[in-house]
Amino acid sequence: MMSPKPAISDDRLVRSSPIRPAPLQVIHILGNSMRIWSVYSLYRYVSTQEESIVAFIFTCLVPAAIIFLVLQKPWKGRALPNSQVVPTVVNGGIMALYYVLWGKGLLTCGPLLALLGEYAGAVLGVLSAALFGRNVNLFKKVAGLAAMLLSYYLLSNGWATRTSFPLNSFAAEEELPIKTVGMKEMVVPLTAGILSALRRVIARRISLKNQLKRRLHAITIASATCFLFPVAMWDTILGSASDSIVKFQFPSWAYVSTILFGIVFVFYIDNLAEERCHFLFPY
């Protein structure tokens, strides 16, 4: 009579199973770090050259849209229904408005405050659902709301400034003048973060598969480029330098890094993290 095999304990299963998401988490952190680096490069270039930030973002979206269209080819495969195409085009309008507000907030508040305001505005909806949910007691609601308001107050009163960038001491360029930023200026990047979260929610609702999500994102980028074109032209005409688009140095590091790391690469990194590690990003 054969004796049954001893059951393997859970501890041995945990020890023997490899931790696969760890390299993906490292790649995700590196990808977002490169995106932050591109934001600092963009701010440094636009501040020193006095270019139109909206027109610069538009010129970055044009090649980014071409890259997404070439890689994803949304016109191939199964035809997309209007119930997905129409919300995707509307989502492109939301993305265009997000880039306008984010660019204005970047010039007004600086890169660090703009990034913090973007992330804070993006998680505002998640915090609101947690604070005002039914399953949370009153003390936790009041304490969480007070902590959120206090963090916004400290953020708007200069507790985090552009000079706090860890690599700032190694920079060779001269220091730019520090701007005083208040809560009024922080509304712009906060609103941009809320729009970014709304755009991601719409993209998740209309796309069930990751491959379909990539195809729809290519349409979203192309739609955002079309929506942003008249705004960029108007901002350039009203700006101090009417020929700012002509003076753009396209091979510059700010231009290349914004396209590759700020738009294209960060999307695939976040999409890979959502697919393999089951991360959900509110921003």
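Those letters in the sequence shown? Residues 1 to 283, by UniProt numbering. Virtual Cβ for every residue (Gly too), placed ideally from N, Cα, C.
Simplified DSSP state of residue i, which is helix, strand or coil
i	result
Arg214	helix
Ser252	coil
Ser196	helix
Ser207	coil
Thr236	helix
Glu274	helix
Leu167	Note that Leu167 scores a pLDDT of 44, beneath 50, so its modelled location is shaky; the value from the coordinates is reported in the next line. Here Leu167 sits in coil by DSSP.
Met186	helix
Cβ pair residue i, residue j closer than 7 Å
i	j	result
Gly93	Phe229	no
Pro74	Ile194	no
Tyr43	Leu106	yes
Met34	Arg199	no
Arg205	Gln72	no
Phe68	Ile237	no
Phe261	Ser41	no
Ile263	Ala114	no
residue 292	Cys60	Examination of residue 292 is not possible in this model, given that the chain is present from 1 through 283 alone.
Glu185	Thr108	yes
Val231	Val54	yes
Ala192	Glu118	yes
Ser196	Tyr268	no
Ser223	Leu216	no
Thr225	Val26	no
Buried versus exposed call for residue i [16 or more other C-beta atoms within 10 Å across all chains shown]
i	result
Trp234	exposed
Ser83	exposed
Leu30	exposed
Glu50	exposed
Lys104	buried
Val70	exposed
Thr48	exposed
Val188	buried
Val100	buried
Val86	exposed
Ala254	buried
Ala120	buried
Gly110	buried
Any non-hydrogen atom of the ligand HEM closer than 6 Å to residue i Cβ
i	result
Ala218	With respect to small molecules bound, the structure shown includes none, and the ligand HEM cannot be examined in it.
| said: Give the list of continuous alpha helix (DSSP H) stretches no shorter than 4 residues that lie fully inside the region 43-116. | reply: Fully enclosed alpha helix (DSSP H) runs of 4 or longer: 53-72, 82-109.
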